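Residue numbers for the sequence shown follow the numbering used here, beginning at 596 and rising by one.
From the three backbone atoms N, C-alpha and C, an ideal C-beta is built for every residue, glycine too.
Keep in mind the model is a prediction, meaning the values are calculated, not measured.
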Amino acid sequence: MESVTGAGIVVTGAGSGIGAALARRFAAGGGRVVVNDIDAGAAAAVAASCGGTAAPGDAATEDGVAALIGVAREVLGGIDLYCANAGIARGGGEQAAEPDWDASWQVNVMAHVRAARLLLPAWLERGSGHLICTVSAAGLLTMLGSAPYSVTKHAALGFAEWLAATYAHRGITVQAICPQGVRTQMMTGASAAEKLILSDTAIAPEAVADAVMAGIASGRFLILPHPEVAGMYAGRAADPDRWLAGMNKLQRRIEAAS
Ligand SMILES: NC(=O)c1ccc[n+]([C@@H]2O[C@H](COP(=O)([O-])OP(=O)(O)OC[C@H]3O[C@@H](n4cnc5c(N)ncnc54)[C@H](O)[C@@H]3O)[C@@H](O)[C@H]2O)c1
Numbered sequence: 596m597e598s599v600t601g602a603g604i605v606v607t608g609a610g611s612g613i614g615a616a617l618a619r620r621f622a623a624g625g626g627r628v629v630v631n632d633i634d635a636g637a638a639a640a641v642a643a644s645c646g647g648t649a650a651p652g653d654a655a656t657e658d659g660v661a662a663l664i665g666v667a668r669e670v671l672g673g674i675d676l677y678c679a680n681a682g683i684a685r686g687g688g689e690q691a692a693e694p695d696w697d698a699s700w701q702v703n704v705m706a707h708v709r710a711a712r713l714l715l716p717a718w719l720e721r722g723s724g725h726l727i728c729t730v731s732a733a734g735l736l737t738m739l740g741s742a743p744y745s746v747t748k749h750a751a752l753g754f755a756e757w758l759a760a761t762y763a764h765r766g767i768t769v770q771a772i773c774p775q776g777v778r779t780q781m782m783t784g785a786s787a788a789e790k791l792i793l794s795d796t797a798i799a800p801e802a803v804a805d806a807v808m809a810g811i812a813s814g815r816f817l818i819l820p821h822p823e824v825a826g827m828y829a830g831r832a833a834d835p836d837r838w839l840a841g842m843n844k845l846q847r848r849i850e851a852a853s
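Laid out in structure tokens, this is it:
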């Protein structure tokens with residue numbers, strides 16, 4: 596899919612932030628959009644603002660994903676593009692509580708697995724389908740101060756890569772959006788350390804939507820709204836020890852500032 600015009604599209608977590616910007620941009624581009632969010636009021640408001648259809652509910656649980664995909668198929672006829680965008684940021688390191696680790700796995704990783712499980716059979720049968728996962732630069736690099744977030748975003752990227760490697764020749768496109776800071780509700784709730792790292796280069800959610808539209812046109816796997824992340828990712832791969840030393844230096848700066 597190189598353009599959203601006429602496409603049947605689902606965006607999860609589209610009641611605010613990046614998901615809302617994506618839903619609005621897709622609708623403006625002629626897409627037919629199903630707007631999901633666990634916050635029903637937010638989903639309804641965004642749907643109303645762009646002529647989409649609200650489909651509130653939990654886009655992470657097995658039942659929730661099945662209900663969403665069922666409703667979307669009824670509304671759209673078929674799903675051409677599914678944006679697994681809903682995500683949560685739970686802070687803390689190895690001491691983060693079990694419920695925070697578990698919720699992070701469910702929303703940031705298993706939501707994508709569960710959606711793919713239900714979408715792929717129909718997509719493989721017709722020979723086309725498009726999945727865009729909102730990951731994060733934390734999935735390519737790391738996010739100091741947030742182990743559950745970093746680890747689950749790495750897993751989300753791993754799953755998206757696995758899908759792309761497995762199904763590209765069967766007409767399936769998979770892409771991963773990997774921004775650094777984006778000015779959304781999630782950033783408002785970020786820790787002081789996260790704000791120190793992200794604030795200077797933070798962008799608006801609409802800028803992420805711009806990058807996604809360009810990414811859909813190019814078909815490239817990584818969608819990088821902050822292009823400089825490509826260099827950081829390359830640096831990490833080329834010399835992991837040097838990269839880790841740089842990250843630890845940043846950690847010490849954060850500790851000194853707090
Ligand atoms: N804001 C950033 O700096 C940033 C950077 C990189 C990646 N991301 C990723 O972007 C995505 C969107 O985040 P955002 O910044 O727009 O945050 P946000 O908090 O503004 O939006 C997330 C939305 O997802 C919804 N949501 C949460 N759990 C859900 C669930 N189980 N089912 C359905 N909806 C659910 C929330 O109600 C919220 O409306 C996330 O995956 C996040 O990890 C954000």
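- Between ligand 1 and the CB of P800, the shortest heavy atom gap is smaller than 7 Å.
- Sequence-distant partners of L735 (beyond 5 residues in either direction) whose C-beta falls short of 6 Å from its own C-beta, in its chain, are C773 and Y828.
- Distance from the Cα of A609 is smallest, within the candidate group A650, A706 and Q690, for A650.
- Using a 10 angstroms sphere on the CB of W718, the tally of other CB atoms reaches 16 or more, which defines it as buried.
- Counting along the chain, no alpha helix (DSSP H) covers L726; the unbroken beta strand (DSSP E) around it starts and ends at G724 to T729.
- Distance from the CA of E657 to the CA of R709, rounded to the nearest whole angstrom, comes to 6 Å.
- The alpha carbon of S699 has as its nearest neighbour, out of A684, H707, G688 and L715, the alpha carbon of A684.
- Distance from A622 to V628 at the Cβ level is roughly 5 Å; contact confirmed, criterion being Cβ atoms closer than 8 Å.
- The C-alpha of N843 is placed about 45 Å away from the C-alpha of A667.
- The Cβ atoms of M782 and A797 lie closer than 8 Å to each other.
- With respect to the 8 Å criterion, A679 and T648 are not classified as neighbours on the basis of their beta carbons.
- Annotation: I613 is outside any beta strand (DSSP E); the continuous alpha helix (DSSP H) that includes it extends over G612 to A623.
- Approximately 11 Å separates the beta-carbon atoms of V606 and L663; this is outside 8 Å, ruling out the contact.
- DSSP links C678 through a beta bridge to V606 and I727.
- Shortest gap from the CB of Q770 to any heavy atom of ligand 1: 7 Å or more.
- A643: member of the alpha helix (DSSP H) spanning A635 to C645, first to last residue.
- Assigned with DSSP and collapsed to three states, V629 falls in strand.
- Checking the DSSP bridge columns, you'll see A788 has no partner listed.
- Counting C-beta atoms within 10 angstroms of its own C-beta, G665 has fewer than 16 neighbours from the protein chains shown and is therefore classed as exposed.
- Around the beta carbon of G810, a 10 Å sphere encloses 16 or more other beta carbons of the protein chains shown; the residue is thus reported as buried.
- Using a Cβ-Cβ distance cut-off of 8 Å, the region 785-794 and the region 754-764 are not in contact, since fewer than three pairs of beta carbons, one from each stretch, lie closer than that value.
- DSSP places A771 inside the beta strand (DSSP E), whose first and last residues are I767 to I772.
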